[in-house]
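For reference, each letter of the sequence shown is one residue, going -21 to -1, 1 to 550 in mature numbering (1 follows the signal peptide of the UniProt record, and there is no 0).
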Amino acid sequence: MRSSVLGSRLLFICDAAVALASSGIATASAPLTTTLNITVEDLWNLYIGPVETASINTTVEPTPIPSAELIPPPQLYYPSYLSGAQIPGQGKNESWSLPAGFWWGVSSASYQVEGAVKVDGRGPSLWDAFTHRAMSVADNQTGDVTINEYYMYKQDIQRIAAMGVKAYSFSIAWSRIFPFGNGPINEAGLKHYDDVIETCLQYGVQPQVTMYHWDLPLYIQLSYGGWTNEKIVDDFVAYTRVLLERWGNKVAQWYTFNEPISFCGEYPVPDGYFTRTTDIPDVQQPFWCGHYMLLAAGKTYQLARSMNITVPISIKNNGGYKLPRTSSDEDTEAVQRAWAFNEGWFADPLFLGDYPSRLKNFTSSFLPEFTAEERNMIKGASDYFAHDAYTAAYYMAPDVGIEGCLADANNSLYPKCYNSTYTLPASEGGWLIGPASDPNTRWLHKATEWLPAFLHYIQDTWTPANGIVITEFGMTEPFEAYKTKREDILTDPLRSAYYRDYVQAMLMAIQEGVTLVGCLAWSIADNLEWTAGFTVKFGLQYVNLTTQERYYKASFFELANLFQAYMRDSE
Ligand code: BGC
């Protein structure tokens, strides 16, 4: 029986953290424990405090988009040297085309876009705690309101459909469904996503859904340490079972996880705010997280298949293309270590059957071996090689050398023992790998010329049977947050050039034999960029955060136009 969490007092065993937080007493070495009955509201009050609410707080029904808004900028940024110009100002290479059935779309994630954090029974997540209490976020910004997608989704889906977008990839907030992460189910949360999915279908946009995009229910972190405890595997599968039962084959694609490298890298969670619930040494915590994530993904995948759910299910992995900074053997080895500790960490178990040996050399001293049964469950639990592939970087050995680093657990690069940079050595001029994005996204450069090599590397290394999907790519326009005039914001030449060159690089790779099935641009609209807050913008649409109005940027027309030009069939 499902029960509503609204209004009812729920019985929960809470750990010492609640007692300590409410009493304000400094943490003792041995935690004092108690048993409390707490509601979702109590959890908010104890751990997060007051939140902002939006002035628009009912679902916005779409009104027709004024036709003037759909007029592309007079000159798109196509290079003039390509043959076969179809339209003045545009070039098209007639030997390129996207395969039949290729899909493209735009993406978002619950905490970054939804807002309405306390509405309809949603429990607090780790990111509510990060932004409000535990981490430094640019300008103290939070996801309390952000772009109010919780109420604006109908209009936003209408707006992307009007641009010819085929797929919308969004994530479900676990704590809207299970406000405590486990325990009672919140029907209001399910109803909300019922409508988001229905609206996509109504507009002919494929709903693609990520089950976990980092917003762990806070209660799960507090009560047992989140991804560092194996209890999470069953809690996650109980949650995903509810999603699969409700929407199974209605969703066009499921993604069990978004970027485990990133969220496992958050462990250990910031000291001083969260009560320590684990004895696992800091350096090991990300790898336990990854281990439990793989088990949870494998179980969810097998569960879905046992329920006759046939749509693709994948894990979104992430990382950029890796180039050796010099041709030395050490730098070549540094690149191999970087593949192993990034993509390989999850792609090897999913596509090859076990962790890469370079990673295992470190983790085998504490992680259990996967049993044969677990290995079989995990191998194949990602139908596509789904990759968030934004950029590229140079890799090199640490200053003390790889062996020197491996012999010293206090080295800041241990246990990975590779280093990276965006510039060539001074002896080669010290040049940057590609044009820089906004200074607040230092990791991101326009390095689109490396994409074909990247896709070949993925295909050759992990041989994904169903091919590759690029589940995120995108660019921050430098200093966009400083612009005050709407027309200045909407004309975004670096992002436009990035999308143009990126899609052309995809086309080249496809022509060279890479099986690329679809792609998703990040992001549907400007949103909360985690700890960078709203200081950087990834959106294809500008959002006026005061009025919540949306406007298409030039890059959105660029992208839509490219797909229109290169789609082989009339899909
Ligand atoms: C994440 C998004 C993020 C984007 C840009 C990806 O790593 O999945 O949530 O906003 O990159 O940083």
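Ideal Cβ placement from N, Cα and C applies to all residues, glycine included.
Burial state of residue i (16 or more Cβ within 10 Å)
i	result
Thr455	buried
Thr526	exposed
Ser86	buried
Glu459	buried
Leu495	buried
Leu541	buried
Leu499	buried
Ala313	buried
Glu31	exposed
Pro377	buried
Trp501	buried
Ala488	buried
Lys532	buried
Supposed close pair residue i, residue j - CB separation, criterion 8 Å
i	j	result
Leu507	Gln200	Not a contact, Cβ separation roughly 20 Å.
Ala504	Val522	5 Å
Phe330	Pro239	The Cβ separation is near 15 Å, so there is no contact.
Leu469	Tyr530	6 Å
Val262	Pro418	Between Pro418 and Val262 the Cβ distance is about 30 Å, and since that is not below 8 Å, they are no contact.
Tyr369	Phe452	6 Å
Cys243	Trp193	The Cβ separation is near 10 Å, so there is no contact.
Asn296	His366	5 Å
Val175	Val230	Actually they do not touch by this definition, with Cβ atoms about 11 Å apart.
Gln438	Ile449	That belief does not hold up - the Cβ atoms of Gln438 and Ile449 are roughly 13 Å apart, past 8 Å.
Leu423	Ala371	10 Å between Cβ atoms; not a contact.
Asp213	Thr514	At roughly 39 Å, the Cβ-Cβ gap does not stay under 8 Å, so Asp213 and Thr514 are not in contact.
Asp99	His171	7 Å
Glu537	Tyr478	5 Å
Proximity test, residue i beta-carbon vs ligand 1 heavy atom, cut-off 7 Å
i	result
Gln120	no
Glu451	yes
Ala152	no
Trp509	yes
Phe517	yes
Glu93	no
Asp367	yes
Trp324	no
Ser241	yes
Asn297	yes
Glu238	yes
Ala484	no
Ala500	no
Ala88	yes
Helix, strand or coil at residue i [DSSP, three-state]
i	result
Val496	strand
Asn237	strand
Ala365	strand
Ala544	helix
Val188	strand
Ala372	strand
Gly183	coil
Glu352	helix
Ala33	coil
Pro472	helix
Arg112	helix
Leu411	strand
Glu537	helix
Leu77	strand
Tyr401	coil
Tyr530	strand
Trp193	coil
Lys395	coil
Trp83	strand
Tyr158	In the sequence under discussion, the amino acid at residue 158 is Pro, which differs from the Tyr named in the question. In the structure shown, Pro158 sits in coil (DSSP, three-state: anything other than H, G, I, E or B).
Leu519	coil
Val262	helix
Glu224	helix
Ile17	coil
Asn296	strand
Ala488	helix
Ile449	strand
- Task: Give a yes or no on contact between the region 484 to 497 and the region 421 to 433, applying the rule of three or more CB pairs nearer than 8 Å.
- Result: yes
- Task: Say whether the region 270 to 289 touches the region 245 to 258, bearing in mind that this needs 3 or more beta-carbon pairs closer than 8 Å, one atom from each stretch.
- Result: no
- Task: Determine contact between the region 344 to 364 and the region 392 to 409, defined as no fewer than three beta-carbon pairs at a distance below 8 Å.
- Result: no
- Between the region 384 to 393 and the region 348 to 357, do at least 3 Cβ pairs fall closer than 8 Å? no
- Between the region 128 to 144 and the region 168 to 186, do three or more beta carbon pairs fall short of 8 Å? yes
- Task: Assess, as a yes-or-no matter, whether the region 94 to 111 is touched by the region 28 to 45 under the definition of 3 or more beta carbon pairs within less than 8 Å.
- Result: yes
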